[in-house]
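Trainee: Submitted below is the structure of interest, expressed as structure tokens.
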Amino acid sequence: MVAERAPASLRDRLRHAIGVQAAVIAATPAPVRVVPRELPPIEQILGGEWRETEHGRVFVRDVWYSLDHAHGSLPLGSALDAAPDGLTHLIGGIEAPHPSRLAFFDIETTGLAGGTGTYIVLAGLGTYEEAIPGEGLAFRIRQYFLAEIAGERAMLAMLAADIGRFEALVTYNGRAFDVPVVEARLTLSRLPSPCGPMAHFDLLHAVRRLYKHRMPGCRLAEAERRLLRIERHDDVPGSLIPQLYFDYVRAGRAAPLRGVFQHNAEDVLSLVGILASLADMLTRDDLDPDDAVAVARWRERVGDTSRALRLYESALPWLEGGPDWTWAAARLARLYKQEKRRDDAMPLWRTLSADGDVAASIELAMHFEHHSRDYAAASAVVDRLLTFAATREVEALAYRRTRIERKAASIRPNSDSTRTEASQ
Amino acid sequence: MPLSDVLETLRMDPALRRSADGRSGFVEWRELREVPARYAEFPIGTRPELRAALAGRGIEQLYTHQAEALGAVLQRQSIVVVTPTASGKTLCYNLPVVQTILDDPDARALYLFPTKALAQDQMQELHGLISAIGADIRTFTYDGDTPGDARRKVREAGHVVVTNPDMLHTGILPHHTKWVKLFENLRYVVIDELHQYRGVFGSHVANVIRRLHRVCQFYGSDPIFICCSATIANPRELAEQIVRKPVLLIDNNGAPRGPKVVAVYNPPIVNRELGIRGSSVDAAREIGSRLLQAGVQTIVFAPSRVRVELLLRYLRESLQHPSGIEPKPDIGPPKVEGYRSGYLPNERRAVEQGLRDGRIRGVVATNALELGVDIGGLDAAVLTGYPGTLASAWQQIGRAGRRHDLAFAVIVASSSPLNQYVATNPDYLFETSPEAGLVDPDNLLVRISHMKCAAFELPFEEREVTEAAAARDRGGFGPRAVELLDLLSDEGVLVKAGGRYHWMTEVFPAEGVSLRSAAIDNFVVIEQGPKPRVIGEVDRPAAPLLIHDEAIYMHGGQQYHVDRLDWDEKKAYVHKVDVDYYTDANLAVDLEVLESFERAPSRGCEVDHGEVAVRDVATVFKKIKLDTNENVGWGKISIPEESRHTTGYWFGLGEDAVEGLPRAALQDGLWGMAHLLRNLAPIFLMCDPRDLQAVAQIRSPFTERPTLFLYENQPGGVGMARRLFEMHPRLMRSGLDLVSACVCPAGCPGCVGPSIGERGTNKRAATLLLRRLCEGVEEEPQISPISQTESFGTSRSRPSDGA
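Protein sequence lines correspond, in order, to chains A and B.
At position 201 of the first sequence (counting the first as 1) the number is 201 in our numbering, and the numbers step up by one without a gap.
At position 207 of the second sequence (counting the first as 1) the number is 1207 in our numbering, and the numbers step up by one without a gap.
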């Protein structure tokens, strides 16, 4: 073997093969190896405590908030008062559990790649609890920290047991990320998952449905800015968390993790506010025009046409001249058409068509051709369309115009129009 | 006309028949006798519904090998089945798998095929059997094309998951917690086309299987492996190295075979001075078009994608205007299609179907059709050039074959030394045992890559990788695994805690490890126009040669001009043309020694092996006229160069070896030796000639001497350089023997290559150099027949024993 003759070279070659990671490590500042015992204990640095469990000790930090604690524009208690109808909408039509039965959940991990080699560094679970029995509810965030890799099983067991006390999870992108990661870790530790039978509010899906047109990324930070008026300052970016944790594991540096605990707690608090805010919005009629059209779309999607119509109608006048008017008007016109209220749709189509909207122009042409049988108007619309339509649409438009002209011609010499239809 | 008459006409044709000196034309014409079927009883316990389903498909009895396979597997014995093409190999795994799932609906099986196309093909076969039984056995393919929403269903409900090693490596093992049902109940792992897993690719796959064993152990399963292989020298050894379990060899083939003629055709010498023979492509065209005109369904194998397209075009032309035959406008010429990598899946499916139902009478293919794609048996196979290994040759020959009727296969020799060797020693084909499949699962670089992936999947237990465990444990990672884990920890990839090594970086390691030496990303070829469309794909290594700017890219016999190659976007924009030339690009190779691992003196030189960096730079292309092969122009290629590291063997010539040789003669001699050794070494290494490259440097910056390099084509190497280093004296001696026995006056393609320019010194110089490099050779050249056979059949000891 090569190894016997050139051990140093082998090491270099292997180092080369190890590749990227080695470069990353080299770039991190001074990988000083300090024996963790020489540092102050993490309880002092991070402000939590060790709990003994049947599987070993777990490092946990509890933070309590009163219900009137304001997180952005809403108090934490607001989720408790959320309208059941709004929650039902958010959870996809099934009956929603009472808000006190919800677990607000967010994790920080060693990477976003997923898969079996991604560890949970910190899990934050926010729940309504009685701090002192009989004294009423408060909001508690319990954070489970992977202080020792060998203690992962104990941490997961405690986390799973706590989650299992509740009926539903509230997350942001938890369906695709947090829950699969938790389940993968539990499987690896041969522990059962509590998540299977639980309902799940993945607020990302709701935010995406409502605000895709406004916030392309639909990131949590964007959602909390819009819904809760929160701007985070001195926040640890999520992308730095794995490296901060690796530094802790290798060199025992715990202090920079304070920022990670803070970041995670803020995420959990925002879940409460966003849930409350969305539930509220989905049940009210007196909304900002911006929110009204977003909710109208939601209502439209779930088949609540009359409510959607009302919301669009109320918001449209306020949106004129703004970026949302065009699509909102098009949606409303479509609903009118669906409800056979063509007379209400016509003015919208006319305005949209005048602004160069192809789809509306075609609707207009169809209306003139098939309903009002005003072939001259129909062909004028098509002619105008042909001047700005995209290449791929031209063929269909030209065909349409030929047909309209044929129909127009057939009226005058009193020929058989049904035959023309049939031959198409 | 019956095939026997067609063959008789072909054999006696004045243009093709064996020449008076016996060196050209059909130099071999061997008739293989018909072999009758041998049947065996169904093993006791075979489910009646399985027997009924088989009977419904016309199978009343099993062939001996099928019965033996079924019996062994049901006794929980891992097996490797080695029988020829079209011997009903598929049933050897489908029967036990289906039987087991019928007995226990929770049982699961994993099928691995080397390509997606094969996976699709075998799925259909299995579906057929299952629907005949009417059982609820769900089979799914799981590969890069499986849509996201279907994946969950595959993971949870699939009884049989059909995939490829690459997907197992990046898509399944790193996410094993989503596959709990599969891994907890995994009873069988089927590895078809096992012989494909040789060299670096095979070493990677062996390590993927190590990881599979670890994951199975975690979930408490211990699957049986069912492997199928083409004929190679060491199927059992290769299987055991890949699956890491004792394996029973089943080669008791009971399938019948009709009579078959296997011929070798050597094109006539067209330039006696230079020893140049006629082109094998022209000869294959001639033989192929005669067979097709006579209505014989024929497959023509070509050695490269460009040759496939050239032959396709030539054959269509020949059939459009058949010489001496009145065209029959009412019927039209027989339909001929191409088949190679780079064709789109639907094109391939159409060709396969057309061949099965007989509408397509001829197909020109690369070795893509060497694999087990089901096209039924054809009447004739024409191999354009000896494909480099006996295993490949017999697989290609096996494409021609019916259960009972006569079939024909011919190897048309090219002018390469290996081909000429086969043409002058046809017995080699019939009497030599085929090549061994070599893998080196303990190759350090391959192994450490997979140890990273394995650590990602499950933390390594310290006790799992001790030396004792490595020897005993299937999921063990070979000798010195603990040191490698410690190295990975030092480098910050793993963290050791509580006796376990944990993966501790953000990276998803499987993504950075490719099982195949060639990058698997493809370039797409887009025909421009009002409706741009993708007409084909080209893999990355071939892109600089096939779709550079101004190249003529051929697809399905149609020529396209490459208007622009967008290297970063991996797209080539082309438009249809009809021109009378094709393009052929040259690859310039720049080689640099990075490090010598070992050096030893030998006669007249110092021999090294070590790590080299190779830069392949496509610099110029030639425009070559169709039919005449005249050079009608050239152009430059500008493409970013790419460097890869591999291992090489080299020897720098000493003063005594080069003494008295003028510089020009020395150069000729070096190049002559390079040509010779590059083509000779594969016979000793049992590899494909394309696995090795040779470079001669008149004064190497590293050795500061005239130096000859042989290096491995696969990044990182598989240890062939080291073997060459060890066998250097024997290699020199065999080279000298070969060049001395060659009758050409001044070099020919069969020995040191055609002589260069007017000097004609290459053969003399190479002979002189070789004589000075051989131990115990003095004045007179020693003439002895080269012993080819002795290098075959040797095999390396298993690493777990040898370490």
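Glycine included, each C-beta is placed from N, C-alpha and C at the ideal position.
Being a predicted model, the structure only gives us computed values, none of them experimental.
Run the CB neighbour count on His371 of chain A, radius 10 Å, all protein chains shown included, and call it buried at 16 or more, exposed below.
Mentor: Translated into positions along the first sequence, residue 371 of chain A becomes position 371. Per the 10 Å Cβ criterion, exposed.
Trainee: Nearest CA to the CA of Leu1194 of chain B: which residue from B:Lys1153, B:Thr1083, B:Cys1742, B:Ala1255?
Mentor: What you label residue 1194 of chain B is simply residue 194 of the second sequence in a count that begins at 1. Considering only alpha carbons, the answer is B:Thr1083.
Trainee: So, helix, strand or coil for Trp1567 of chain B, using DSSP?
Mentor: To locate residue 1567 of chain B, count along the second sequence from 1; it is residue 567. Trp1567 of chain B falls in the coil class under three-state DSSP.
Trainee: For Glu1068 of chain B and Ala1037 of chain B, what's the separation of their Cα atoms in angstroms?
Mentor: Taking the second sequence and counting its residues from 1, one reaches residue 1068 of chain B at position 68. Taking the second sequence and counting its residues from 1, one reaches residue 1037 of chain B at position 37. In a straight line, the C-alpha of Glu1068 of chain B is about 15 Å away from that of Ala1037 of chain B.
Trainee: Could you confirm whether any beta carbon from chain A is found closer than 8 Å to the beta carbon of His1176 of chain B?
Mentor: Sequence index remark: in the second sequence, residue 1176 of chain B carries index 176 (1-based). Output row for His1176 of chain B: interface = yes.
Trainee: Taking Trp1650 of chain B as the query, report the chain A residues whose CB atoms sit under 7 Å from its CB, ordered along the chain.
Mentor: In the second sequence, the residue the question calls residue 1650 of chain B occupies position 650. Correct list: empty, because the minimum Cβ distance to chain A is about 16 Å.
Trainee: Are Val1524 of chain B and Thr1505 of chain B closer than 8 Å when you measure CB to CB?
Mentor: Residue 1524 of chain B sits at position 524 when you count from the first residue of the second sequence. Residue 1505 of chain B sits at position 505 when you count from the first residue of the second sequence. Not closer than 8 Å, so no.
Trainee: Which value, in whole angstroms, describes the spacing of the CA atoms of Val34 of chain A and Ala251 of chain A?
Mentor: Counting from 1 along the first sequence, the entry for residue 34 of chain A is found at position 34. Counting from 1 along the first sequence, the entry for residue 251 of chain A is found at position 251. Summary for Val34 of chain A: the model assigns pLDDT 46, below 50, so the residue's position carries little reliability, and this model does not support an answer.
Trainee: From the beta carbon of Pro1781 of chain B, is the nearest beta carbon of chain A less than 8 Å away?
Mentor: Translated into positions along the second sequence, residue 1781 of chain B becomes position 781. Caution applies to Pro1781 of chain B, whose pLDDT of 44 falls short of 50 and renders its modelled position unreliable; the model cannot decide the point.
Trainee: Quick check on this structure: which residue in B:Asp1166, B:Val1574, B:Leu1291, B:Ala1400 has the alpha carbon closest to the alpha carbon of Gly1258 of chain B?
Mentor: In the second sequence, the residue the question calls residue 1258 of chain B occupies position 258. Of the candidates B:Asp1166, B:Val1574, B:Leu1291, B:Ala1400, the one whose C-alpha sits nearest the C-alpha of Gly1258 of chain B is B:Ala1400.
Trainee: Going by the DSSP bridge assignment, what does Met1554 of chain B pair with across the sheet?
Mentor: On the second sequence, position 554 is the one that residue 1554 of chain B refers to. For Met1554 of chain B, which the question treats as bridged, DSSP gives the partners B:Gln1559.
Trainee: Mind pulling the chain B residues with CB within less than 7 Å of Val249 of chain A?
Mentor: What you label residue 249 of chain A is simply residue 249 of the first sequence in a count that begins at 1. Under the 7 Å cutoff, chain B gives Val1495, Met1504.
Trainee: Output the distance between the C-alpha atoms of Leu1112 of chain B and Ile1172 of chain B, rounded to the nearest integer angstrom.
Mentor: As a first step, residue 1112 of chain B is located in the second sequence; it is residue number 112 there, counting from the start. As a first step, residue 1172 of chain B is located in the second sequence; it is residue number 172 there, counting from the start. Approximately 12 Å between the Cα atoms of the pair.
Trainee: Strictly below 8 Å CB to CB, what residues from chain B border Glu183 of chain A?
Mentor: As a first step, residue 183 of chain A is located in the first sequence; it is residue number 183 there, counting from the start. Result: Thr1177.
Trainee: Buried or exposed for Ile141 of chain A, please, with buried defined as at least 16 other CB atoms from any protein chain shown within 10 angstroms of its CB.
Mentor: Numbered from its first residue, the first sequence carries residue 141 of chain A at position 141. So Ile141 of chain A ends up on the buried side.
Trainee: Under 8 Å, CB to CB, which of the residues in the segment 123-157 of chain A have a partner in chain B?
Mentor: Listed by position along the chain: Glu148, Ile149, Ala150.
Trainee: For Leu1091 of chain B, is the classification buried or exposed, using 16 other Cβ atoms within 10 angstroms of its Cβ as the cut-off for buried?
Mentor: For this step, residue 1091 of chain B is matched to residue 91 along the second sequence. Leu1091 of chain B is buried by the Cβ-count criterion.
Trainee: What are the boundary residues of the alpha helix (DSSP H) that Gln1396 of chain B is part of?
Mentor: Residue 1396 of chain B sits at position 396 when you count from the first residue of the second sequence. 1390-1398 is the span of the alpha helix (DSSP H), which, as asked, contains Gln1396 of chain B.
Trainee: Any beta carbon of chain A sitting closer than 8 Å to that of Glu1537 of chain B?
Mentor: Stepping through the second sequence from its first residue, residue 1537 of chain B is reached at position 537. Judged by the 8 Å Cβ criterion, Glu1537 of chain B is not in contact with chain A.
Trainee: Are Leu1478 of chain B and Leu1238 of chain B closer than 8 Å when you measure CB to CB?
Mentor: In the second sequence, the residue the question calls residue 1478 of chain B occupies position 478. In the second sequence, the residue the question calls residue 1238 of chain B occupies position 238. The residue you asked about is not Leu; residue 1478 of chain B is Gly in the sequence shown. Result no, Cβ atoms of Gly1478 of chain B and Leu1238 of chain B do not sit closer than 8 Å.
Trainee: Would you kindly work out how many angstroms separate the C-alpha atoms of Arg57 of chain A and Thr109 of chain A, rounded to a whole number?
Mentor: Taking the first sequence and counting its residues from 1, one reaches residue 57 of chain A at position 57. Taking the first sequence and counting its residues from 1, one reaches residue 109 of chain A at position 109. Approximately 20 Å, taken between the alpha carbons.
Trainee: Determine whether the beta carbon atoms of Lys1636 of chain B and Tyr1581 of chain B lie at a separation below 8 Å.
Mentor: Here residue 1636 of chain B corresponds to residue number 636 of the second sequence, with the count starting at 1. Here residue 1581 of chain B corresponds to residue number 581 of the second sequence, with the count starting at 1. Taking 8 Å as the Cβ cut-off, Lys1636 of chain B and Tyr1581 of chain B do not qualify as a contacting pair.
Trainee: When DSSP labels each residue in this structure, what does Gln1837 of chain B get in the three-state scheme?
Mentor: Shown here, chain B extends from 1001 to 1803; a query on residue 1837 of chain B therefore has no answer.
Trainee: Under 8 Å, CB to CB, which of the residues in the segment 1158-1189 of chain B have a partner in chain A?
Mentor: Those residues of the segment 1158-1189 of chain B that come within reach of chain A (Cβ to Cβ, closer than 8 Å) are Pro1174, His1175, His1176, Thr1177, Lys1178, Val1180.
Trainee: Does Glu1457 of chain B have its Cβ less than 8 Å from a Cβ in chain A?
Mentor: The residue labelled residue 1457 of chain B in the question sits at position 457 within the second sequence. Yes, Glu1457 of chain B counts as interfacial toward chain A.
Trainee: Roughly how many whole angstroms lie between the Cα atoms of Asp1566 of chain B and Ala1551 of chain B?
Mentor: Translated into the one-based positions of the second sequence, residue 1566 of chain B becomes position 566. Translated into the one-based positions of the second sequence, residue 1551 of chain B becomes position 551. Roughly 13 Å between the two C-alpha positions.
Trainee: If we cut at 8 Å on Cβ distances, does Phe1301 of chain B have a partner in chain A?
Mentor: Within the second sequence, numbered from 1, the residue matching residue 1301 of chain B stands at position 301. Not closer than 8 Å to any Cβ of chain A, the Cβ of Phe1301 of chain B fails to qualify, so no.
Trainee: Would you give the residue range spanned by the alpha helix (DSSP H) that Tyr312 of chain A belongs to?
Mentor: Along the first sequence, one-based indexing puts residue 312 of chain A at 312. Looking at the DSSP string, the run of the alpha helix (DSSP H) that includes Tyr312 of chain A is 305-319.
Trainee: So that I know if they touch, is there some Cβ in chain B lying closer than 8 Å to that of Thr283 of chain A?
Mentor: Counting from one through the first sequence, the residue named residue 283 of chain A turns up at place 283. Not an interface residue.
Trainee: Quick check: the segment 258-277 of chain A against the segment 221-229 of chain A, are there 3 or more CB pairs under 8 Å?
Mentor: The segment 258-277 of chain A is in contact with the segment 221-229 of chain A.
Trainee: Are the segment 291-303 of chain A and the segment 327-334 of chain A touching, with three or more C-beta to C-beta distances below 8 Å?
Mentor: Touching, yes, given that three or more Cβ pairs across the two stretches are closer than 8 Å.
Trainee: For a minimum of 3 consecutive residues, which ranges assigned as the beta strand (DSSP E) are wholly contained in the segment 1567-1607 of chain B?
Mentor: For the segment 1567-1607 of chain B, whole beta strand (DSSP E) runs of length 3 or above, ordered along the chain, are 1571-1577, 1581-1602.
Trainee: With a Cβ-Cβ cutoff of 8 Å, do Ala199 of chain A and Ala150 of chain A count as a contact?
Mentor: Counted from its first residue, the first sequence places residue 199 of chain A at position 199. Counted from its first residue, the first sequence places residue 150 of chain A at position 150. Going by C-beta atoms, Ala199 of chain A is not nearer than 8 Å to Ala150 of chain A.
Trainee: Cβ of Phe368 of chain A less than 8 Å from any chain B Cβ?
Mentor: In the first sequence, the residue the question calls residue 368 of chain A occupies position 368. Not an interface residue.
Trainee: Taking Cβ positions only, does Gly1478 of chain B come closer than 8 Å to chain A?
Mentor: The residue labelled residue 1478 of chain B in the question sits at position 478 within the second sequence. Cβ-Cβ to chain A under 8 Å: no for Gly1478 of chain B.
Trainee: What is the rounded straight-line gap between the Cα of Pro1640 of chain B and the Cα of Thr1646 of chain B?
Mentor: On the second sequence, residue 1640 of chain B is found 640 positions in, with the first residue counted as 1. On the second sequence, residue 1646 of chain B is found 646 positions in, with the first residue counted as 1. Distance between the alpha carbons of Pro1640 of chain B and Thr1646 of chain B: 20 Å.
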